[in-house]
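Just so you know, our numbering puts the end of the sequence shown at 476, numbered straight through with nothing missing.
Think of the CB as a built atom: it goes at the ideal place given N, C-alpha and C, for glycine as much as any other residue.
This structure is a prediction, so every number in the text was calculated from the model and none was measured.
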Amino acid sequence: MVFRPGRSTNFFWNCHLSGAITFFGSSLLDSRHQLAYESQGEGLFTRELLKVLKEWPINKLSYKSLTDRLDMPAYQTPLLEGGHMNRCLFDSGGRTTDSSRILCHREKDQPYFTLYAGSNCRIISGSTFEIYRTDLTDDWRPFTTAAAETVEAFISFLKPADQTIFTKHENHHVWYARFVTSPAPGFTIYCNNSNFLAQILDEGVGPWLVDPPSSVSNPLLADLCLTVDGSDVFYDLSDRNTRSLCSRSMNFSPRFPHTSNVHAIAEIRIIIDSYAHFTSRIMMPSPLPMAKLVTIEMKKVRPSGPFIQGFQKVYKPYSENLLPDAAGKFVELGPFSDMQALIYYRFTVHNTSDDRLYVSLLAFKLSNLEIAHLFSSTTYLEPHSTHTFCDGDIDRLSYMFVIPEGLDENVIFLKFFVADEPINFDNLSQQPPLAEGRPIVRRHFGTLKHGTGERWNNVGQASGCFTRGIECGI
């Protein structure tokens, strides 16, 4: 991609533009089906990139919000990839985005915001939101509030409390919404110490990232159970969540491996928030009935042939399909020794329907509450065609089966989503709530180490999970 600085004499500014183009140029176009096109001798992406940078101050843009503002034709699909997508543009100070803010648009003469999240994110009619101009955490003052009037599976329409916002900012089309309240019951918590739970739920401590939780006196009615034992606080998935997520035969511990101190109120609230986000997202159904439209294979792969400098390795499958057809059937894949731990996997999706489909896969890691994208399809799969994800792109799969240090098992649920239009999963992802024992803000995830063994149980093609040489299920 060629950069032409034009008439600007500001060398520092030109370097910044060059840096942006270099950062995005290799990853923003979907390499599976798309090539970079030019119009009137100019690259379409380069032209739109420079247009956004001229209209918006650099300190108001993250790499992600920059791509949100690109006005690209349908045959040029931007991709959100890279470890710095959630950082402020060219900012060495580490300013980041607020992952709880969801992209929304307002088109000309449209009396509402179009929010790119719907019932899949537990949004219902009457849910309220704060509206922001940017997605940056230090932009803390909302412009207005809005309420959801119409909610569909993956999209909602929000009516602002102050309609004059569209008159004052008629040329602003990209906005961000942050969930505030919902008329539906929220996440419920039981604690063996009611006074301690009341302190945790005190509104004065700080805002919740998702639905404000409520307390219940019966642990059977709770989504999460807290146990206070001396100065320690333990977290357990409720009995009903355990039954809905995993088979009883799995015999895994529903207890979160981290223990908090009773005085670490902020940390406890972050973990509760993460549990609420995790359990609500893992229950999401696929937009379309997956079993009727696609079949999916999962196979182990390994390098084939000699490695040639400058060329990508070729990986070939060497196992049968690891996704058994029969519900409840266990397939033993481990345990493995440390030398055998580096096992890679790929997924092959067969579109058996007569329609174009978009297929995505999310991994839900129960031991640390992380939600990660394994792949998200931004271009369609043709009718009766096949595509292999992660074939040769091993770095993206090297963190799939992670056994955190100090643990003997890790349960990972894999959920496939099939839709007839692209799905934006940005607001669904979640980083582990703790990093090196400290609370963190949810962002994207890095590569982690391999686990040392798995077992697979298929009880429905929409999801699955792995553990370390113990058992796993869907």
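DSSP, reduced to helix, strand and coil, places Y192 within a strand of the structure shown. For S158, the enclosing beta strand (DSSP E) begins and ends at S158 to P162. The alpha-carbon separation between L363 and S64 amounts to approximately 25 angstroms. Three or more beta-carbon pairs separated by less than 8 angstroms link the region 132 to 151 to the region 161 to 178, which places the two stretches in contact. For L416, the enclosing beta strand (DSSP E) has its first and last residue at I414 to A421. In the DSSP assignment, V153 is bridged to S158. Secondary structure at T48: helix, using DSSP grouped into helix, strand and coil. Judged by DSSP secondary structure, S362 falls within the beta strand (DSSP E) whose first and last residues are Y360 to K367. When secondary structure is reduced to three states using DSSP, A119 falls in the coil class, being assigned neither helix nor strand. Residue environment analysis places E151 among the exposed positions, since fewer than 16 neighbouring C-beta atoms fall within 10 angstroms of its C-beta. CA-CA distance, S127 to F349, rounds to 37 angstroms. Here E322 is exposed: its Cβ has fewer than 16 other Cβ atoms, across all protein chains shown, within 10 Å. Counted as a single uninterrupted DSSP element, the alpha helix (DSSP H) harbouring L68 occupies residues Y65 to D70. When the Cα atoms are used, V230 and F236 turn out to be separated by approximately 7 angstroms. F115 is positioned such that its CB atom lies no closer than 8 angstroms to that of R180. In terms of Cα proximity to L290, the closest of F418, T190, A200 and P259 is F418. Boundaries around R180 are those of the beta strand (DSSP E), V176 to T183, since no alpha helix (DSSP H) includes it.
C-alpha of I125 to C-alpha of V303: approximately 40 angstroms in a straight line. Within the same chain, Cβ atoms closer than 6 angstroms to the Cβ of R358 are found at Y382, the five residues on either side in sequence being excluded. Its Cα nearest to that of C227, the residue I274 stands out among S233, I274, N263 and H260. In this structure R271 is in contact with I202, their Cβ atoms being roughly 6 angstroms apart against a cut-off of 8 angstroms. A Cβ-Cβ separation of about 6 angstroms places L91 in contact with L68 under the 8 angstroms criterion. Its Cα nearest to that of S233, the residue F198 stands out among F198, L325 and D225. Each of F415, D140, Y347 and H352 was checked against the Cα of H386, and the nearest Cα belongs to H352. When DSSP states are grouped into helix, strand and coil, P221 belongs to the helix group. Per DSSP, the continuous beta strand (DSSP E) segment holding H352 begins and ends at Y346 to N353. One Cα belongs to H174, the other to Y317, and the distance between them is close to 47 angstroms. The C-beta distance from T281 to D225 rounds to 6 angstroms, short enough to meet the 8 angstroms contact threshold. Rounded to whole angstroms, the Cβ separation of P319 and K301 is 4 angstroms, and the two are in contact under 8 angstroms. P424 and Y360 do touch by the CB rule: their CB atoms are close to 5 angstroms apart, below 8 angstroms. Closest by C-alpha distance to A421, out of S306, P434 and K294, is K294.
By the neighbour-count criterion, in which a residue is buried when 16 or more other Cβ atoms sit within 10 angstroms of its Cβ, D356 is exposed.
Counted as a single uninterrupted DSSP element, the alpha helix (DSSP H) harbouring M292 occupies residues M292 to L295.
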